[in-house]
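S.K.:
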Amino acid sequence: MPELPEVETVRRGLAPAMMNVQIDRVEQRRLDLRFPLPPNFSARLSGQTIRDLRRRAKYLIAEMSNGESLVMHLGMSGSFRVDTHKPGLFHHRRQHAAAHDHIVFHLSTGMRITYNDPRRFGFMMLIPTPELNTHPYFAKLGVEPLSKDLDANFLAQAFQSKKTSIKSALLDQYLIAGLGNIYVCEALFEARLSPLAVAGDLVSITGAPSKKLMCLPPAIKDVLQRALLAGGSSLRDHRQTNGALGYFQHHFKVYDREGSACRRSACSGIISRIRQAGRSTFYCPRCQK
DNA sequence: ACACTATCCTGCAGGC
DNA sequence: TGCCTGCAGGATAGTG
407 MPELPEVETV RRGLAPAMMN VQIDRVEQRR LDLRFPLPPN FSARLSGQTI
457 RDLRRRAKYL IAEMSNGESL VMHLGMSGSF RVDTHKPGLF HHRRQHAAAH
507 DHIVFHLSTG MRITYNDPRR FGFMMLIPTP ELNTHPYFAK LGVEPLSKDL
557 DANFLAQAFQ SKKTSIKSAL LDQYLIAGLG NIYVCEALFE ARLSPLAVAG
607 DLVSITGAPS KKLMCLPPAI KDVLQRALLA GGSSLRDHRQ TNGALGYFQH
657 HFKVYDREGS ACRRSACSGI ISRIRQAGRS TFYCPRCQK
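Following the working numbering, the numbering of the first sequence begins with 407 at its first residue and continues without gaps.
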């Protein structure tokens, strides 16, 4: 599920509860998610104070007071829930763990942060904070799409002589870090670009971005920003940390709209679904060229 | 260098 | 009602 807008929504929900708060203990309800959890996971986190909670691409990074950082990835179905544990009260209503609640952080404030992940494609790692930038998971990551690093000149340089489709190129986390299947489809629609276009064909021989490519960075930023305002997209698993749904799925122009009418005014196209690199692509063949 | 596939895992929708 | 198939927001390893 979680692409940049969902991960950032989660970060904004977690930050008030976690920032400058101590972790009392960590309840580890399984030994592994996608990978085995780090050795002594609970012990290494217990007693630490969370100094910062950042996002890089689709990763959440909680910097601890002991110099280690907890790096978390939500995979396809990961979510966090924040609630308050009230000991003594409501004794008759024991707070049961929900299915797929794998990790619970008990904070000194009485708040609990519960990580739920049905498919367990998510993972958590502990990395010494000074090594984050050189760690294999981060060293090669591409630009943040909402930063000014993402502009037409950057894309021209990134796409030059690339024979892969623009759809696949935008999904490549080593070029742009944080886009996923939904927002790539939506951004290509905004930019009126066919997902089948060859990335390198959008760059002139001199290395300058074509006019079509110039539309893409603003389209990407616009889609991501609107999704952020909506709290992300909830297809099945994504929740804000208070349990609320995101609602950007109601604003999709192409994603999951196969067979429906194109929403661009004066376009009479029908949204198509094709398969690219093993993933569904949704687009309007009439107005995306 | 590139494209495609299978893989990890669970849940759900659709067809019969 | 149930069984089966395919598909899902990600990312990697292996193949040709």
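Glycine included, every Cβ here is placed at the ideal spot set by N, Cα and C.
DSSP beta-bridge partners for Tyr465?
M.R.: Paired residue(s): Arg462 and His479.
S.K.: Going straight from the alpha carbon of Thr515 to that of Glu592, what length do you get?
M.R.: Distance between the alpha carbons of Thr515 and Glu592: 40 angstroms.
S.K.: Under the three-state reduction of DSSP, which class applies to Ala449: helix, strand or coil?
M.R.: In this structure, Ala449 counts as helix in the three-state DSSP scheme.
S.K.: Given a threshold of 16 other Cβ atoms within 10 Å of its Cβ, counted over all protein chains shown, does Asn539 qualify as buried or as exposed?
M.R.: With fewer than 16 Cβ atoms within 10 Å of its Cβ, Asn539 is classed as exposed.
S.K.: Please name the residue or residues paired with Glu474 in a DSSP beta bridge.
M.R.: Answer by DSSP bridge pairing, in chain order: Pro534.
S.K.: Counting Cβ pairs, one atom from each stretch, are 3 or more of them under 8 angstroms apart for the region 514 to 533 and the region 553 to 566?
M.R.: No contact exists between the region 514 to 533 and the region 553 to 566.
S.K.: Between Asp628 and Glu596, is the Cβ-Cβ spacing less than 8 angstroms?
M.R.: Yes, the pair counts as a contact, with Cβ atoms nearer than the cut-off.
S.K.: Just to confirm before moving on: does the CB-CB distance between Ala421 and Leu459 stay below 8 angstroms?
M.R.: Yes. Within cutoff.
S.K.: Looking at the structure shown, is Arg417 part of a helix, part of a strand, or coil, going by DSSP?
M.R.: DSSP places Arg417 in helix when its eight states are reduced to three.
S.K.: Helix, strand or coil for Phe511 per DSSP?
M.R.: Reduced to three states, the DSSP call for Phe511 is strand.
S.K.: Span of the alpha helix (DSSP H) holding Glu592?
M.R.: Start and end: Asn587 to Glu596.
S.K.: So, is Met612 buried or exposed, given that buried needs 16 or more other C-beta atoms within 10 angstroms?
M.R.: Position check: residue 612 holds Thr in this sequence, whereas Met was assumed. Exposed, by the Cβ-count rule.
S.K.: Under DSSP, the beta strand (DSSP E) around Asn522 begins and ends at which residues?
M.R.: Segment Met517 to Asn522, the beta strand (DSSP E) holding Asn522.
S.K.: Closer than 8 angstroms by C-beta to Gly649: which residues in its own chain qualify, once you throw out the five before and the five after it? Chain order, please.
M.R.: Closer than 8 angstroms at the Cβ level, and outside the excluded window around Gly649, lie Arg487.
S.K.: Suppose you measure from the CA of Ser452 to the CA of Val432; what does that come to, to the nearest Å?
M.R.: Computed Cα separation, rounded: 7 angstroms.
S.K.: Inspect the beta-carbon positions of Gly586 and Glu409 and report whether they are closer than 8 angstroms.
M.R.: In contact: Gly586 and Glu409 (Cβ atoms closer than 8 angstroms).
S.K.: Take Glu474 and list the residues in its own chain whose beta-carbon comes closer than 8 angstroms to its own, dropping the five residues that flank it on each side.
M.R.: For Glu474, where only same-chain residues beyond five positions count, the Cβ hits under 8 angstroms are Arg450, Gln454, Leu532, Ile533, Pro534 and Thr535.
S.K.: Taking 8 angstroms as the threshold (C-beta atoms), are Gln655 and Ser674 in contact?
M.R.: Contact flag unset, no.
S.K.: Between which two residues does the beta strand (DSSP E) harbouring Val488 extend?
M.R.: Its beta strand (DSSP E) spans residues Ser485 to Thr490.
S.K.: Where do the ends of the beta strand (DSSP E) carrying Arg679 lie?
M.R.: That run of the beta strand (DSSP E) goes Ser678 to Gln682.
S.K.: Would you call His497 buried or exposed, if buried means 16 or more other Cβ atoms sit within 10 Å of its Cβ?
M.R.: Because the pLDDT of His497 is 48, which lies under 50, any placement of that residue in the model is unreliable, and the number read from its coordinates should be weighed accordingly. So His497 ends up on the exposed side.
S.K.: Residues bridged to Ser571 by DSSP?
M.R.: DSSP, once it has assigned bridges, lists Val604 as partnering Ser571.
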